[in-house]
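Here is the structure we will look at, set down as C-alpha cells.
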Amino acid sequence: MKQLGLLIRLIIGIIAGTIIGLSGGWLGIADSAGFIAVIRAFATFTSLFSTFLSFMIPLIIIAFVTVGMAELGKKANRLFLLTLGLAYGTTVASGFITFFIGRVTLPSLIQPITGDVLESNAFEPFFTIEVEPLFGVMTALVLAFVLGIGMANLQGNSMLNVFRDLQKIVSGVLARIIIPLIPVHIAGLFAGIAAEGRLFATIKMFASLFVIILILQVLYIFSQFGLASIVCRKNHIKSMKNIIPAYFTALGTQSSASTIPIALNCAYNNNVSRDVADFVIPLCATINLNGDTICLTLGSMGIMLASGMEPTLALFAPFIMMLGVTMVAAPGVPGGGVMSALGLITSMLGFTEPMQQLIIALHFSQDSFGTATNVTGDQAIALIVDKVDHSSKDN
Numbered sequence: 001m002k003q004l005g006l007l008i009r010l011i012i013g014i015i016a017g018t019i020i021g022l023s024g025g026w027l028g029i030a031d032s033a034g035f036i037a038v039i040r041a042f043a044t045f046t047s048l049f050s051t052f053l054s055f056m057i058p059l060i061i062i063a064f065v066t067v068g069m070a071e072l073g074k075k076a077n078r079l080f081l082l083t084l085g086l087a088y089g090t091t092v093a094s095g096f097i098t099f100f101i102g103r104v105t106l107p108s109l110i111q112p113i114t115g116d117v118l119e120s121n122a123f124e125p126f127f128t129i130e131v132e133p134l135f136g137v138m139t140a141l142v143l144a145f146v147l148g149i150g151m152a153n154l155q156g157n158s159m160l161n162v163f164r165d166l167q168k169i170v171s172g173v174l175a176r177i178i179i180p181l182i183p184v185h186i187a188g189l190f191a192g193i194a195a196e197g198r199l200f201a202t203i204k205m206f207a208s209l210f211v212i213i214l215i216l217q218v219l220y221i222f223s224q225f226g227l228a229s230i231v232c233r234k235n236h237i238k239s240m241k242n243i244i245p246a247y248f249t250a251l252g253t254q255s256s257a258s259t260i261p262i263a264l265n266c267a268y269n270n271n272v273s274r275d276v277a278d279f280v281i282p283l284c285a286t287i288n289l290n291g292d293t294i295c296l297t298l299g300s301m302g303i304m305l306a307s308g309m310e311p312t313l314a315l316f317a318p319f320i321m322m323l324g325v326t327m328v329a330a331p332g333v334p335g336g337g338v339m340s341a342l343g344l345i346t347s348m349l350g351f352t353e354p355m356q357q358l359i360i361a362l363h364f365s366q367d368s369f370g371t372a373t374n375v376t377g378d379q380a381i382a383l384i385v386d387k388v389d390h391s392s393k394d395n
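Using our numbering, the letters of the sequence shown correspond one by one to residues 1 to 395.
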C-alpha cells in the first residue's frame with residue numbers, strides 16, 4: 001500500500017468502507033451483533049484518530065506558522081514583499097470569489113441530508129479517550145504570530161532553531177502517522193455512513209462539490225494568467241502551454257515542493273529572468289495555496305448546507321482572511337493545507353467531528369488537482385513579479 005499514491009489509497013479506503021457498510025444490507029445481517037461490532041470498531045478508530053488530530057492541530061499551527069512568520073520576516077525585501085502581497089491577495093480573492101459562486105450554485109445542488117447523517121449516533125464507539133489540546137486554535141495562532149514576528153527581529157537564531165526542530169517533529173507525525181492513517185479514517189467514515197443508509201445522499205454532495213471545485217480551479221488558472229497579461233501588457237494566455245509539465249508533475253506528486261525543479265524550467269521557458277524565477281518559484285511553493293483555498297471554502301459551504309447550517313458572508317469573511325494567513329505557513333506535505341486549516345474550520349465555522357471528517361475526505365480527494373492549481377498559479381505570479389522588477393529597474 002505504501003507504494004501506491006495517496007489518492008489511490010484514499011479511493012481504496014472509500015470503496016472498502018462503502019462495501020463494508022453496505023454489506024450488512026446485502027447479506028441481511030445489518031442487525032446482527034457481528035456486523036454492528038465491525039462498524040463500531042471503525043467508529044472507535046475514527047474517534048481516537050479525531051481526538052489525536054484535535055490534539056495535534058494547535059501544535060501544527062505553532063510549529064509551522066511560528067517558523068513561517070520568523071523566516072519570512074528575516075528575508076523581507078522589496079521582491080519578497082511584492083510576492084507575499086500577490087500570494088496573499090490572490091488567495092483571499094479566490095476565497096471570496098469562491099464564496100459568492102458557492103452562494104449562487106450550491107443551494108440548488110445540495111440539500112440538507114435527512115436523518116442528520118453528519119451527527120448520526122447509530123453506531124457508537126466502544127470507548128472514547130479525552131485528550132485536551134494544550135491550548136485553543138485562536139490562542140495558538142496569536143501565540144504563533146507573536147513568537148514568529150518576535151524571532152524575526154532577534155539577532156540570533158537559537159530560539160528559531162528550537163522551533164525548527166519542533167517543526168521537524170510535527171512534520172514527522174504528519175508524514176508517518178496522520179497522513180498514512182487518513183485512508184483508514186475515511187474508510188471508517190464511509191462504513192458508518194453506508195451502514196446508516198445515508199451513502200447516496202453523501203456521495204451526491206461529494207460529487208457536486210468535487211466537480212465545482214475542479215471547474216473553479218481551472219477558471220482560477222486562466223484568471224491568474226489573465227491578470228499577468230494585463231500587468232505585463234502581453235498575452236500570457238499563450239504562455240500557459242509552457243506550464244503543462246509543472247501541472248502534471250504536481251498532479252502526480254501532490255507536492256509543490258517536489259515540483260520546484262520542473263516549475264523553474266517552466267518559468268525559464270516563459271522568459272522569466274533567472275534571478276526572479278529562482279526566488280519566486282520556491283517561495284510560492286510554500287506560500288501560494290489558492291487551490292487549497294478554493295477547495296476549503298467551497299467544501300466547507302457545501303458541508304454546512306448538507307448539515308442544515310447557513311454559510312453567511314459574515315461567517316466566511318473573517319474565515320477567508322484568516323485562511324489566507326494560515327495557508328502561507330501550511331506544511332509542504334500532501335494534505336498539509338487542510339491540516340493547517342482544520343482548526344479555523346472548527347473554531348470559526350463550528351464544524352463538528354463528523355463534518356471535519358468530511359472536509360478532510362473532500363480535500364484529500366482533490367489534493368492532486370489543488371496542488372497542480374497552486375503550482376500553475378506560481379508561474380503567473382512569477383511573470384508579474386518579473387515585469388514589476390524590470391519596470392522598477394528601468395525607472
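Just so it is clear, CB atoms sit at the ideal spot from N, CA and C, and this is done for glycine as well.
Just so it is clear, the structure is predicted and the values come from calculations on it, not from any experiment.
Report task. Locate the alpha helix (DSSP H) running through D31, then write down its first and last residues. Result -> Run containing D31: none; DSSP gives neither H nor E here.
Query raised in the report: Does DSSP put G115 in a helix, a strand or coil?
Result: Per-residue confidence for G115 stands at a pLDDT of 48, beneath the threshold of 50, marking its modelled position as unreliable; the derived number appears in the next sentence. It is coil, neither helix nor strand.
Query raised in the report: To the nearest whole angstrom, what separates the beta carbons of Q379 and C266, a pair I think is in contact under 8 Å?
Result: 6 Å
Report task. Mind checking which residues open and close the alpha helix (DSSP H) that includes L289? Result -> Looking at the DSSP string, L289 is not in any alpha helix (DSSP H), and its letter there is neither H nor E.
Query raised in the report: Is the Cβ-Cβ distance between R176 and F123 less than 8 Å?
Result: no
**Report entry** Pairwise C-alpha distance: L22 and L363
**Finding:** Residue identity differs from the one stated: residue 363 is His in this sequence, not Leu. Near 24 Å, if we compare the C-alpha coordinates of L22 and H363.
**Report entry** Beta-carbon gap between P133 and S54 smaller than 8 Å
**Finding:** yes
Query raised in the report: What residues in its chain sit with their C-beta under 8 Å from that of G115, if we drop five residues either side in the sequence?
Result: Note that G115 scores a pLDDT of 48, beneath 50, so its modelled location is shaky and nothing firm can be said.
Query raised in the report: Are L482 and A341 closer than 8 Å when you measure CB to CB?
Result: For residue 482 there is no data in the structure shown, the boundaries of the chain being 1 and 395.
Query raised in the report: Going by C-alpha distance, which of F319, I381 and V211 is nearest S223?
Result: I381
**Report entry** Contacts around H402, its chain only, beta-carbon distance under 8 Å, and the 5 residues preceding and following it disregarded
**Finding:** With the chain covering 1 to 395 only, the question about residue 402 has no answer from this structure.
Query - 7 Å CB neighbourhood of L289 in its chain, flanking five on each side removed - result: T91, M327, A330, G337 and N374
Requested in this report: Give me the Cα-Cα distance between A257 and I15, rounded to the nearest whole angstrom.
Outcome: 30 Å
Report task. Identify, in the order they occur along the chain, each residue of the same chain with its Cβ nearer than 8 Å to the Cβ of L305, setting aside the five sequence neighbours on each side. Result -> L106, P107, I110, Q111, P112 and P311
**Report entry** Distance between beta carbons of L216 and T98, contact taken as under 8 Å
**Finding:** 6 Å
Query - Residue range of the unbroken alpha helix (DSSP H) whose run includes L362 - result: E353 to S365
Query raised in the report: What residue range is occupied by the uninterrupted alpha helix (DSSP H) comprising V211?
Result: L199 to C232
Query raised in the report: By Cβ distance below 6 Å, which residues in the same chain neighbour M240 in space, the five residues on each side in sequence not counted?
Result: F225
Requested in this report: Spatial neighbours of I57 within its chain, please: CB distance less than 6 Å, with the 5 preceding and 5 following residues excluded, ordered by chain position.
Outcome: L342 and G343
Query - Where H185 falls: helix, strand or coil (DSSP) - result: helix
Query raised in the report: Apart from the five residues just before and just after I29, which ones in its own chain have a Cβ nearer than 6 Å to its Cβ?
Result: F35
Report task. Enumerate in chain order the residues of its own chain whose CB-to-CB distance from F206 is below 7 Å, with the five nearest sequence positions on each side excluded. Result -> L362
Query raised in the report: Taking all protein chains shown into account, do 16 or more other C-beta atoms lie within 10 angstroms of the C-beta of F127, making it buried, or fewer, making it exposed?
Result: exposed
Query - L181 to F100 span [Cα, whole Å] - result: 34 Å
Query - With 16 other Cβ atoms within 10 Å as the buried cut-off, status of T352 - result: exposed
Report task. Identify the continuous alpha helix (DSSP H) that holds K168 and give its terminal residues. Result -> S158 to V173
Report task. Report back the beta-carbon spacing between T66 and F163 to the nearest angstrom; my notes put them in contact at under 8 Å. Result -> 5 Å
Query raised in the report: Buried or exposed: where does V117 fall if 16 or more other Cβ atoms within 10 Å of its Cβ makes it buried?
Result: Low confidence applies to V117: its pLDDT is 43, below 50, so where it sits in the model is not reliable, and the reading given next is rough at best. With 16 or more Cβ atoms within 10 Å of its Cβ, V117 is classed as buried.
Query raised in the report: Using a Cβ-Cβ cut-off of 8 Å (strictly less than) and excluding sequence neighbours within five positions of F210, which residues of its own chain qualify?
Result: L362, S365 and Q366
Report task. Figure out for me which residue from I8, D386 and V385 has the closest Cα to the Cα of P183. Result -> I8
**Report entry** Supposed contact pair I213 and L313 - C-beta distance, whole angstroms, cut 8 Å
**Finding:** The pair is not a contact, with the Cβ atoms about 20 Å apart (cut-off 8 Å).
Query raised in the report: Short check: CB of Y220 to CB of I294, under 8 Å?
Result: yes
**Report entry** Rounded separation between I320 and A277 - CA only
**Finding:** 28 Å
Report task. Would you give the residue range spanned by the alpha helix (DSSP H) that L141 belongs to? Result -> V137 to A152
**Report entry** Nearest-angstrom Cα separation, counted from T139 out to L86
**Finding:** 27 Å
**Report entry** Where A33 falls, given that 16 or more other Cβ within 10 Å makes a residue buried
**Finding:** exposed
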